[in-house]
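The structure appears right after this line, and notes come after that.
In the numbering used here, the protein residues as written are 10 to 309.
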C-alpha cells in the first residue's frame, strides 16, 4: 500500500520527519511524490538517464537542497523517435496510475528535443518558494555521459530508515530503487555551463541554485585532468542544443565566471530563492568562492 493512500498516517509521518529533520513539511511531501513518479518511470524506461539537481539529492546524496524538478533523457543508443514517444507514454501512464494530471499535455510533442511537463498533485502542505506542481524536463539534444546505476530514496525513507522503522518502510513501499544516474563529474560540468548560459541570456530567477550545487560538487571531483577532458567532450555535446550559448567556441568560460563574480550576478536570487530550498548553512558569500577555484584550475 502506498503511504499517501492513508491520508492521516501520511500527514503524521510527514510531521514526524519534519520535526526530526528540520525540513519543511511541504518539501518532504513534494519529495515523496517526486520519488513515486521517478520510481514509476525508472521501472518502465530501462534506457532512461536521470540527471540534474534532483539526482544529486536523491541518488548521489551530495547536496542538502530540495530540487523539485525531474530532468531525464535516454542513453545515446535509444534516441530514436520511437523511443522518444515511449517517454511521453510512460510519463502519461505513470501520472494516471498515481492520480496526477498533466496540465499542459496538449503542448507536449514527442518529436521535440525538449519538453516541459507540468504535473499537478494534491498537496496537503505548501510553502513560499515551492512550485505548486512537479515539473519533468525531457532533453534529447544533449547526450548524457557517463552514467551509473544508483539507488534513489525519498526524504521520508532516509529518516525512517535512520530510526530503524524498516517494517513500516516495507509495508508502505518506501524502499530505495535503482535509477541510471548521470555522474557527479558530468553534472558539475553541466552546471558550470548552465550558470554561464543563464548569465548570457540575462536570466537570474531560480538559477542561482546551480551555484550552490557547484560549490558542493567541486570537492568531490574525481581528477582535474579527467574533468578537463570531459569538459571538452561536454562542450561538443552541448553545441547541439539551442539553449547552450556558452558551449560556443567563441565563449571563454573562465571570463564568464569572473564576470559573474565581479557583477555579483546571482547574489539577490541566491538570497531570495535558493536559500529557501536549502537545509544547509551555505551563504552566497560561501558559495561564490568556488568559481574562483574553478577558474584557477583552468578546468574549462
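Backbone N, C-alpha and C fix where the C-beta goes; we use that ideal spot for every residue, glycine too.
Could you work out which residue in the options is closest to residue i when comparing CA atoms only?
| i | options | result |
| --- | --- | --- |
| residue 214 | 178, 18, 274, 67 | 274 |
| residue 115 | 271, 32, 198, 128 | 128 |
| residue 34 | 245, 92, 288 | 288 |
| residue 202 | 167, 255, 284, 108 | 255 |
| residue 218 | 297, 96, 305 | 297 |
| residue 229 | 131, 28, 281, 69 | 69 |
| residue 119 | 93, 126, 104 | 93 |
| residue 185 | 280, 263, 167, 221 | 167 |
| residue 150 | 85, 75, 226 | 85 |
| residue 291 | 23, 225, 306, 271 | 225 |
| residue 304 | 26, 237, 60, 63 | 237 |
| residue 47 | 112, 101, 299, 113 | 101 |
| residue 312 | 227, 187, 88, 23 | Since the first residue of the chain shown is 10 and the last is 309, residue 312 is not available in this structure. |
| residue 156 | 194, 15, 123, 163 | 194 |
In three-state terms, what does DSSP make of residue i?
| i | result |
| --- | --- |
| residue 24 | helix |
| residue 185 | coil |
| residue 11 | coil |
| residue 284 | helix |
| residue 190 | strand |
| residue 252 | coil |
| residue 36 | helix |
| residue 234 | helix |
| residue 211 | coil |
| residue 242 | helix |
| residue 275 | coil |
| residue 18 | helix |
| residue 196 | helix |
| residue 225 | helix |
| residue 202 | helix |
| residue 73 | coil |
| residue 30 | helix |
| residue 218 | helix |
State the CB to CB distance for the pair residue i and residue j, rounded to an integer number of angstroms; the pair is presumed to be in contact (CB under 8 Å).
| i | j | result |
| --- | --- | --- |
| residue 148 | residue 53 | Between residue 53 and residue 148 the Cβ distance is about 19 Å, and since that is not below 8 Å, they are no contact. |
| residue 308 | residue 240 | 6 Å |
| residue 41 | residue 198 | At roughly 30 Å, the Cβ-Cβ gap does not stay under 8 Å, so residue 41 and residue 198 are not in contact. |
| residue 11 | residue 181 | 7 Å |
| residue 223 | residue 209 | The pair is not a contact, with the Cβ atoms about 17 Å apart (cut-off 8 Å). |
| residue 36 | residue 139 | 7 Å |
| residue 306 | residue 233 | 6 Å |
| residue 65 | residue 72 | 5 Å |
| residue 161 | residue 56 | That belief does not hold up - the Cβ atoms of residue 161 and residue 56 are roughly 17 Å apart, past 8 Å. |
| residue 113 | residue 130 | Actually they do not touch by this definition, with Cβ atoms about 15 Å apart. |
| residue 98 | residue 79 | Wrong, their Cβ atoms sit about 16 Å apart, outside the cutoff. |
Can you name the residues that DSSP bridges to residue i?
| i | result |
| --- | --- |
| residue 83 | 57 |
| residue 78 | 144 |
| residue 267 | Partner(s): none; residue 267 has no beta bridge. |
Please determine whether the Cβ atom of residue i lies at a distance below 7 Å from any heavy atom of the ligand ATP.
| i | result |
| --- | --- |
| residue 247 | Absent from the structure shown: the ligand ATP. Ligands present: none. |
Open item on the list: Restricting to runs no shorter than 3 residues, where is the beta strand (DSSP E) found entirely within the stretch 94–181?
Closed with: Within the stretch 94–181, the complete beta strand (DSSP E) runs of at least 3 residues are 123–129, 142–148, 156–161.
Open item on the list: Could you tell me which whole alpha helix (DSSP H) segments of length 4 or greater appear in the stretch 45–70?
Closed with: 62–67
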